[in-house]
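In terms of numbering that gives the first Met the number 0, the sequence shown opens at residue 0 and continues consecutively.
Glycine is no exception: its CB is placed at the ideal position from the N, C-alpha and C atoms.
Take a look at the structure below.
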Amino acid sequence: MEFNRCILVKRSTDLNAVKVAEQRQQMTLHCRQCNTILGDSCGICGEIMDSVMCLRVTDDVIVSDVMQPGHKGELRSCIYSSLKCQACGCAVGKVIHSAPSHLAAVRSIFLLHKANISCYILSSSSVVKASTLSFNLKPLKENIHEVGQQLEVLLETLMLRESRITDTSVNSELSK
Ligand SMILES: [Zn+2]
């Protein structure tokens, strides 16, 4: 039983660490030039091409009507529109409408260019350049693997308890 308690304590400590990490990442994204809020950590889904990937942004992000074809670099064979800050007109990133299969994950995702974004970190009440932070998320495969390991530990604990209950009932039958 002692051994199992150790595992359970360790697991709950791990979960607390994850919660702390999540809290640390709570932030709002701002235009570096005028500080207008352009998005927040709830909409962030990763990082690619020196840009923060956002599922949603605020109404202060204006999507250009002009669709541009990418001719070189990572944007080759992509069709994209530029994003501007409504308040100051500064270019803040782009949204890719069409992309080859290796960039399928960024289709219709708002890409806020890290060099033009600052972040207000809620837990520390501090403003930092987005370029100093990493927005990479753990791959889904890793998360699934972690959940799988937690379920295995839970299953072992349940099986051990079940065998003890069976032992106890057999012993009490014998003692009758
Ligand atoms: Zn601005």
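Only buried fits Leu102, as 16 or more other CB atoms lie within 10 angstroms of its CB. Judged by DSSP in its simplified three-state form, Lys140 adopts helix. Annotated as proximal: Val51 and Leu111, with beta-carbon spacing under 8 Å.
Contact between Lys93 and Ser107 does not hold, since the beta-carbon distance rounds to 12 Å and is not under 8 Å.
For Asp64, the three-state secondary structure derived from DSSP is coil.
DSSP places Asp39 inside the beta strand (DSSP E), whose first and last residues are 36–39. Distance between Tyr79 and Lys140, taken at the CA atoms: about 29 Å. At the C-beta level, Ala98 and Cys77 come within 8 Å of one another. Per DSSP, Cys77 lies in no beta strand (DSSP E) segment and is marked neither H nor E. Distances from the CB of Thr27 to the heavy atoms of ligand 1 are all 7 Å or more.
The beta carbon of Val62 sits closer than 7 Å to those of Ser80, Leu82, Val94, all from its chain and outside the five residues before and after it, given in chain order.
Cα atoms of Leu154 and Gln148: separation of roughly 10 Å, rounded to the nearest angstrom. Inclusion of Asn115 and Arg55 in the CB contact set at 8 Å is not warranted, their separation being larger than that value. Counting only runs that start and end inside the region 81–158, there is no alpha helix (DSSP H) element of at least 4 residues. When beta bridges are read from the DSSP output, Gly45 appears opposite Met52.
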